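Scroll down for the structure; my scribbles are underneath it.
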Amino acid sequence: MTTPRDNPRAHPRTDAPFLVGDRVKGTSYVPPGSRKEGPEPFEGVVVQVGSGYAGVDAERALLWVRLDDHTERQALVAETELDQEDVRK
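According to the working numbering, the stretch in the sequence shown is residues 47 to 135, in order.
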């Protein structure tokens, strides 16, 4: 699998809050009741937005972010923001 490149934002935004390739930061999402891990701050590149199934993310929109160490974190869209230092015009 290849690592997505940062998105140069050559096209205008749609109604999606993030695009694959956006550099973001936030706090990882851990399902309630998980005892193996806890939420942690992260910075990385968006590799997937939502589940890919219509209506599945209606109540809790999720995205997946690949970190610099090539691991991935799941995050709530509402608790994630664009890394303003990497935003290109």
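Backbone N, C-alpha and C fix where the C-beta goes; we use that ideal spot for every residue, glycine too. All values reported here derive from a predicted model rather than from experimental measurement.
Q. What span of residues does the beta strand (DSSP E) with Gly72 cover, start to end?
A. As a first step, residue 72 is located in the sequence shown; it is residue number 26 there, counting from the start. From DSSP, the beta strand (DSSP E) with Gly72 extends over Arg69 to Ser74.
(Q) Please report the distance separating the alpha-carbon of Asp70 from that of Glu83. (A) As a working note, residue 70 is residue 24 in the sequence shown. As a working note, residue 83 is residue 37 in the sequence shown. It is worth fixing the name first, because residue 70 is Val in this sequence and not Asp. Spanning the two alpha carbons is a distance of roughly 21 Å.
**Q.** Close beta carbons around Val122, own chain, < 6 Å, minus the five adjacent residues each side
**A.** Numbered from 1 along the sequence shown, position 76 holds the residue referred to as residue 122. Rather than Val, the amino acid found at residue 122 in this sequence is Leu. Answer for Leu122: Tyr75, listed in chain order.
(Q) Bridge partners for Pro87 per DSSP, in chain order? (A) Within the sequence shown, residue 87 is the residue found at index 41, counting from 1. Looking at the DSSP assignment, Pro87 forms a beta bridge with Thr73.
**Q.** Where Lys135 falls: helix, strand or coil (DSSP)
**A.** Residue 135 sits at position 89 when you count from the first residue of the sequence shown. Here the model assigns Lys135 a pLDDT of 47, short of 50, so the residue's position is not dependable, and the following value carries that caveat. Three-state result, Lys135: coil.
Q) How is Gln130 classed by DSSP in three states: helix, strand or coil? A) Along the sequence shown, one-based indexing puts residue 130 at 84. Reduced to three states, the DSSP call for Gln130 is coil.
Q: Quick one: grab the DSSP three-state call for Val92.
A: Within the sequence shown, the letter at position 46 stands for residue 92. Strand at Val92.
**Q.** Endpoints, beta strand (DSSP E) assigned at Leu108
**A.** Here the question's residue 108 lines up with position 62 in the sequence shown. Leu108 -> beta strand (DSSP E) spans Leu108 to Leu113.
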